[in-house]
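This report concerns only the one structure given below.
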Amino acid sequence: MSVRFESIPQRRAIVDRRALSDALAELMPDSSDTTALRQGAVALLKEALDAGRAEIARRLLEYPSRGSEAAAAQAFLVDQLLRLVYDFTTKRLYPINNPTASERIALIAVGGYGRGEMAPFSDVDIGFLTPWKQTGWTEQVIEAMLYTLWDLGLKVGQSSRSLDEMVRMAKSDITIRTGLLEGRYVWGDQALYDEASLRFANEVMAGTGRTFIAEKLTERDVRHKRMGDSRYVVEPNLKEGKGGLRDLHTLFWIGKYVYRVPTVAELVDKGLLTKNELRQFQKAENFLWAVRCHLHSIAGRAEERLTFDFQPEIARRMRYADRPGKSAVERFMQHYFLIAKQVGDLTGVFLAHLDESHAARGRRFGLPMIRRSPKKLNGFVLERGRLALPAEDFFARDPIRLIEMFALADKHGLEIHPLAIRAAARDAKLIDASVRNDPRANALFLDVLTSPRDPETVLRWMNEATVFGRFVPDFGRVVAQMQFDMYHHYTVDEHSIRAIGLLSQIEKGTLTDEHPLSTVIANQLVSRRVLYVAVLLHDIAKGRGGDHSVLGAEVAKKLCPRFGLTAAETEAVAWLVRWHLLMSATAFKRDLADFKTILDFVEQVQSLERLRLLLVLTVVDIRAVGPGVWNGWKRQLLTDLFEAGEEMLRLGHKQKGRAERIAAKQAALQEVLGWSDAEMARLRKKLTDAYWIAEPLDVLERNARLVAAASENPLSIEAQVYPERGATLVTVYASDHPGLFYRVAGAIHLAGGSIIDARIHTTRDGMALDNFLVQDPFGQPLDEPQRLKRLETAIEDALANRHKLADRLAQKPLARTRAEAFEIEPAVLIDNKASNRYTVIEVNARDRPALLNALAYALFQSKVTIHSAHIATYGERAVDTFYITDLIGDKIEGTTRTKALERRMLEAARGEQEGRKAA
């Protein structure tokens, strides 16, 4: 019996093979009808399978952390059923009295099933081995067994091979070789299985260890890249992702292949793992299997991705509880990421041992064998080109060396030996208050953080070794901490380290094409270390309850002097941490054409140096959130805000600058269009100052051509791809009337678009000139000609009232979005101070299809005029901001009016208006 199965308590409560065998023996004793017999057997076995699965599921709910036991129990259940199916097929369906030497079958479990581990919906991977080419009898048996297993509802992965075929295919295909490496005898001819095992060892494995290691590590790297090359992705793949089960399997495969050990525990005897590391391996494996079994059970299918909609239920099942500042699901996921990190640490150490014992003599990947101690390494030594320790007690003699090791690695561009990383992790506890307050230790840390070389990589090594969190305990609190939302792709520590890496790239000029303004600014800063420290600390207070910006500023005031920053630098860092969201909130949620927006922003910023620092911090913060979050539209908005803020700070009073900007834009537009002064004068007369400020030159050009072509036409619609913003620009030029905006928003939704920004302008002669930036549900532009045409037609139909818009919206099913996994209580903020001319309404709600249409319809019902709309989406959360006035152009004031407006907007945000909407 498999070692794993021996640990399963009360195995007969899962499946009683003896009782089932007796029942099958008594099944239609006198019948020779193979079809009827097989159907009768399937009914008995299906009942046993369902009962066994239910018992395993019950145990998992009762003991939700016993993952390895649950995985072994699933494999044990399948083992017993396979044995019964084999016996029934060979004894009742196709009995044979005097089998020849060819008429033998060995049934083997391969892959994960071979290891004795299965999740509830894992594939059953089996192999049928025959001595030579299949006979008529073996074909009959294999076919009947497969039909029985399929009828039981099992997903079977199977192969039927002779011994020679097995050897030949295992030699040529690494996937087959790996599956057979984990091969385990289940039933049938034991002597045949033993012969196969011997031939596999002698003819396939012998002398191919180095090749197998190289191929497996390459396979692992490709898999990591495919899954998102970080173990801190907030929706991780449990099986294939970095730090997941497959990484543990890879360690075992390599150990088993090279050292011929049947169990992980025996890797300790070979010196590849210490006893403590074995415990870590088993603990990580047990936790990951528990999560995987719960995931399959909840999903009702083979699901490997730990998505947001499953995370809260698994946290509840595994009995995590809420704590101040951290929800149960965030605590569960933090535990998951710490386990994934542990898997990464084990991988590094294991491969280091392999490297030592298995590399070609004296060489590592072509590097000559060196073990020397240059003076510049302050006692550290070089071993095969990597920074290593001269003695086991090297850190204990001077714990500051724990920081110095990483500073030296950065300074000299060296890798750190994994055994040195292991020693650092072991000795990180030596970092106490005296080390944290030591000026030399802090200077070394600051050298790493602000390195002109590759601070991201070295900080990540430091974090992996737990030295980072010990030296900066406030950072240690956010290690492996996720935020339960769809916006943030990484844990807080990974996000912060990635942001440092992006800052370093911007400073070096490697991202000039994507961030031209930030690249110029990063090299003009008075104090670059202020920026690096602010980037590191901007999210340091997440998960504490309260506003992390305010709490983080307090942490910065405490930490910066310790790092060796001056009082002025400390104040600058604390300000940046306190206001690190100011620039993005202003750019994405406010109207930059409104003078008061810029005025309020500049009042808070107060200096050009702060503005420069804040821009670069904002850019790296957004970029480090995850792939796909940064786009051309956000770059344009931040650039516009920076330029407007810079202009006001330089000029002192911006009105003059505003007039100059309008005149410059108009002159540039005239040149692009090639228009006469008279033609340009007509356009200038038509459009307001707010329009000229709000729109960039390329949009002005497109709008001008549309307006000129429209002539007296009451309705012109144009949809065109806008690659600079990664969206489709939809322009509507029509006679202005109430409700135009909500109709357009509804039509765009019906045509499969999602509005990311809307600028609503009314010309001086009463026409609406509205520009919408639209993307498809995947965040891409609608770029096919027929889709653009459909967009234009949908808007034209809605404005001409050809169809009842409300009926068509009601007929379009609301796709179940991933956002539904999150509870977001809608909030409506009505602000009369954010603008001198307009009332600003900011609506926070869970994002859903046609949300903007519902909000715009509520404003239409409230008899207000929308002047601009700014749509920002942060994962599952939508923040829609509207600049409005009443119908005569005044702000919405008075408690009764604002309360009624707030109530109506809340109803719309919750979706309570959907059924009441009229076209």
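Residue numbers (the working numbering): 1496 to 2414. Think of the CB as a built atom: it goes at the ideal place given N, C-alpha and C, for glycine as much as any other residue.
Item: Check each candidate in His-2362, Leu-2077, Gln-2215 and name the one with the smallest Cα separation from Thr-2258.; Value: His-2362
Item: Is Ser-1597 closer than 7 Å to Thr-1630 when the C-beta atoms are compared?; Value: yes
Item: For Gln-2165 and Phe-1827, I'd like the C-alpha separation in whole angstroms.; Value: 60 Å
Item: Taking the continuous alpha helix (DSSP H) assigned at Leu-1540, which residues delimit it?; Value: 1529-1557
Item: Is DSSP giving Asn-1873 helix, strand or coil here?; Value: coil
Item: How is His-1464 classed by DSSP in three states: helix, strand or coil?; Value: This structure leaves residue 1464 out entirely; the chain is present only between 1496 and 2414.
Item: In terms of DSSP beta bridges, what is His-2256 paired with?; Value: Leu-2264
Item: Report the rounded CA-to-CA distance for Asp-1988 versus Ala-1938, giving the unit in angstroms.; Value: 21 Å
Item: Rounded to the nearest angstrom, how far is the Cβ of Ile-1881 from that of Ile-1916, given a contact under 8 Å?; Value: This sequence places Arg at residue 1881; Ile is not what is there. That pair is no contact at about 10 Å.
Item: Note the first and the last residue of the continuous alpha helix (DSSP H) segment covering Trp-2128.; Value: 2127-2146
Item: Check the DSSP bridge columns for Phe-1805 and list the partner residues they point to.; Value: Paired residues: none, contrary to the question.
Item: In three-state DSSP terms, what is His-2365?; Value: strand
Item: Pull the bridge partners of Thr-2339 from the DSSP assignment, please.; Value: Reading off the sequence shown, one finds Asn at residue 2339, where the question assumed Thr. Per DSSP, Ala-2322, Val-2374.
Item: Compute the beta-carbon to beta-carbon distance between Asn-2099 and Trp-2074, rounded to the nearest angstrom, for a pair I have assumed lies under 8 Å.; Value: A quick correction: the sequence has Gln, not Asn, at residue 2099. The pair is a contact, with the Cβ atoms about 6 Å apart (cut-off 8 Å).
Item: Would you decide whether Arg-1513 is buried or exposed? Buried here means 16 or more other CB atoms lie within 10 Å of its CB.; Value: exposed
Item: Can you pull the DSSP bridge partners for Asp-2008?; Value: Its beta-bridge partners do not exist; DSSP assigns none.
Item: So, under 8 Å CB-CB, Leu-1925 and Pro-1894 are touching, yes? Tell me the CB distance rounded to an integer number of Å.; Value: 4 Å
Item: Return the chain-ordered list of same chain residues with a C-beta closer than 8 Å to the C-beta of Val-2015, the five sequence neighbours on each side being excluded.; Value: none
Item: Taking Glu-1951 as part of the beta strand (DSSP E), name the residues at either end of that continuous run.; Value: Element bounds for Glu-1951: not the beta strand (DSSP E) but the alpha helix (DSSP H), 1950-1959.
Item: For Asp-2278, which residues from the same chain have a beta carbon less than 6 Å from its beta carbon, with the 5 sequence-adjacent residues on both sides left out?; Value: Val-2216
Item: Might you give, ordered along the chain, the residues of its own chain that have their beta carbon closer than 8 Å to the beta carbon of Arg-2405, omitting 5 neighbours on each side?; Value: Pro-2321, Ala-2340
Item: Can you give me the C-alpha to C-alpha distance between Arg-2153 and Gly-2389, rounded to a whole angstrom?; Value: 32 Å
Item: Would you report the Cα separation of Arg-1856 and Arg-1879, rounded to the nearest angstrom?; Value: Here Arg-1856 scores only 41 on pLDDT, less than 50, and its place in the model is too uncertain to base an answer on.
Item: So, at 6 Å on beta carbons, what are the nonlocal neighbours of Gly-1765 in its own chain, with the 5 sequence-adjacent residues on each side left out?; Value: A quick correction: the sequence has Lys, not Gly, at residue 1765. The residues are Tyr-1754.
Item: Just to confirm before moving on: does the CB-CB distance between Leu-2224 and Ala-2199 stay below 7 Å?; Value: no
Item: Only counting the same chain, and skipping five residues up and downstream in sequence, which positions put a Cβ closer than 6 Å to that of Phe-2317?; Value: Glu-2371
Item: Rounded to whole angstroms, what is the Cα-Cα separation between Ile-2251 and Arg-2177?; Value: 31 Å
Item: Taking the alpha carbon of Thr-1961 as the reference point, which residue from Arg-2024, Leu-1897, His-2010, Gly-2004 has its own alpha carbon closest?; Value: Leu-1897
Item: Cβ atoms of Ala-2229 and Ala-2263: under 7 Å apart, would you say?; Value: yes
Item: Which partner residues of Thr-2223 appear in the DSSP bridge assignment?; Value: Val-2216, Val-2269
Item: For Arg-1866, count neighbouring Cβ atoms within 10 angstroms of its own Cβ and tell me buried if that reaches 16, exposed if not.; Value: Residue placement at Arg-1866 is poorly supported in this model, since its pLDDT is 47, which falls under 50; the coordinates still yield a value, given next. With fewer than 16 Cβ atoms within 10 Å of its Cβ, Arg-1866 is classed as exposed.
Item: Please classify Thr-1745 as buried or exposed, where buried requires at least 16 other C-beta atoms within 10 Å of its C-beta.; Value: buried
Item: For Leu-1882, list the residues DSSP reports as bridge partners.; Value: Leu-1877, Ile-1911
Item: At 4 residues or longer, and completely inside the region 1605-1666: list those alpha helix (DSSP H) runs for me, N to C.; Value: 1606-1610, 1631-1646
Item: Could you name each continuous alpha helix (DSSP H) segment of 4 residues or more that falls completely within the region 1662-1719, going from the start of the chain to the end?; Value: 1669-1676, 1685-1694
Item: I need the straight-line Cα distance from Arg-1859 to Arg-1679, nearest angstrom please.; Value: Model confidence at Arg-1859 stands at a pLDDT of 44, short of 50, so the residue's coordinates are unreliable; what they give is reported in the following sentence. Approximately 35 Å, taken between the alpha carbons.
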